[in-house]
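> The opening residue of the sequence shown carries number 154 in our numbering; numbering runs sequentially from there.
All residues carry an ideal CB built from backbone N, CA and C; glycine is no exception.
Sharing a structure below in structure tokens format, with a few things to ask.
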Amino acid sequence: MIGMLVQTIYNLADGIWVSGLGPDALAAVGLFFPIFTGIIALAAGLGVGASSAIARRIGARNKKGVDNVAVHAIVLSLLLGVAIPLVMLPTIDSFFGLMGAKEDVVELATAYARVLLIGAFMAVFNNVGNGILRGEGDANRAMLAMVVGSGLNIVLDPIFIYTLNFGIVGAAYATLLSMTITSLFIAY
């Protein structure tokens, strides 16, 4: 539960820090939230499946089966992480337009979304890696990795948005960097 809450904090923190840029920037982050939630839901489903399969194989003392499930889960996360941007990037601006956003907000949302869609693999891997760790019985380390990433995002957001003057795209870069560091922690 804490891991899923922490995933939402990424977008919430972006929204809080971006709100200082004005209502259009906040609306842009809000437009991407359902897409981000969908990505996280797909990744969490894959992670839960991996966790369950790994736990069953550990219970059966099948180390080879555990390794096999983990490798397949990581390969599936890679495929999903590549498929998401391939499908979403070409149409993301028209998708935001269909949601009824005005043109200025669509431009901001598209700039923000592009960075996070390109880095979708990190979000997917975080959830799958988290599931693998939970399946091995290491829920505390899995949760710690997610909390560290979310906390890092909260710290990096104002630096990228205001200090480096990247604006709304800075929030996306901060989120992507935080997720990348979380991925490295989970991979370790």
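Got a sec? Which residues, its chain only, sit under 7 Å from D257 by beta carbon, not counting five neighbours each side?
Taking the sequence shown and counting its residues from 1, one reaches residue 257 at position 104. D177, listed in sequence order.
> Inspect the CB distances between the region 310-317 and the region 194-205 and report whether three or more fall short of 8 Å.
Short answer: they don't touch.
> With a threshold of 8 Å, are at least 3 pairs of Cβ atoms found where one atom belongs to the region 222-235 and the other to the region 255-271?
Result no; under three Cβ-Cβ pairs closer than 8 Å.
> Pick out whichever of I245, A327 and R294 has its Cα sitting closest to the Cα of I339.
The residue labelled residue 339 in the question sits at position 186 within the sequence shown. For the residues I245, A327 and R294, the minimum Cα distance to I339 belongs to R294.
> Between which two residues does the alpha helix (DSSP H) carrying M241 extend?
Within the sequence shown, numbered from 1, the residue matching residue 241 stands at position 88. K216 to M241 is the span of the alpha helix (DSSP H), which, as asked, contains M241.
> So what does DSSP say about A254, is it helix, strand or coil?
Stepping through the sequence shown from its first residue, residue 254 is reached at position 101. Correct three-state label for A254: coil.
> Less than 8 Å between the C-beta atoms of N283 and A298, yes or no?
Here the question's residue 283 lines up with position 130 in the sequence shown. Here the question's residue 298 lines up with position 145 in the sequence shown. It is a contact, given that the beta carbons lie within the stated cut-off.
> What separation, rounded to the nearest whole angstrom, lies between the Cα atoms of T190 and A180?
In the sequence shown, counting from the first residue as 1, residue 190 sits at position 37. In the sequence shown, counting from the first residue as 1, residue 180 sits at position 27. Rounded to the nearest angstrom, the two C-alpha atoms are 16 Å apart.
> In angstroms, rounded to a whole number, what distance separates the CA positions of G200 and A254?
Position 47 of the sequence shown, counted from the first residue, corresponds to residue 200. Position 101 of the sequence shown, counted from the first residue, corresponds to residue 254. Cα-Cα distance, rounded: 33 Å.
> State the start and end residues of the unbroken alpha helix (DSSP H) segment that holds G173.
Position 20 of the sequence shown, counted from the first residue, corresponds to residue 173. Here G173 belongs to no alpha helix (DSSP H), and DSSP marks it neither H nor E.
> Out of V259, G250 and L242, point me to the one whose CA is closest to R267's CA.
Counted from its first residue, the sequence shown places residue 267 at position 114. Nearest C-alpha to R267: L242.
> For A328, count neighbouring Cβ atoms within 10 angstroms of its own Cβ and tell me buried if that reaches 16, exposed if not.
Counting from 1 along the sequence shown, the entry for residue 328 is found at position 175. With the sequence shown as reference, residue 328 is identified as Thr, and Ala is not the correct amino acid for it. Result: buried.
> Output the distance between the C-alpha atoms of M275 and G202, rounded to the nearest integer angstrom.
Counting from one through the sequence shown, the residue named residue 275 turns up at place 122. Counting from one through the sequence shown, the residue named residue 202 turns up at place 49. If you take the alpha carbons of M275 and G202, they lie about 18 Å apart.
> Less than 8 Å between the beta carbons of V182 and S303, yes or no?
Your numbering for residue 182 matches position 29 in the sequence shown. Your numbering for residue 303 matches position 150 in the sequence shown. Cβ atoms of V182 and S303: not closer than 8 Å.
> Rounded to whole angstroms, what's the CA-CA distance from S336 to N280? Just pull it up for me.
Numbered from 1 along the sequence shown, position 183 holds the residue referred to as residue 336. Numbered from 1 along the sequence shown, position 127 holds the residue referred to as residue 280. One C-alpha to the other measures close to 9 Å.
> Which two residues bound the contiguous alpha helix (DSSP H) that contains F313?
Your numbering for residue 313 matches position 160 in the sequence shown. F313 -> no alpha helix (DSSP H), and no H or E assigned at all.
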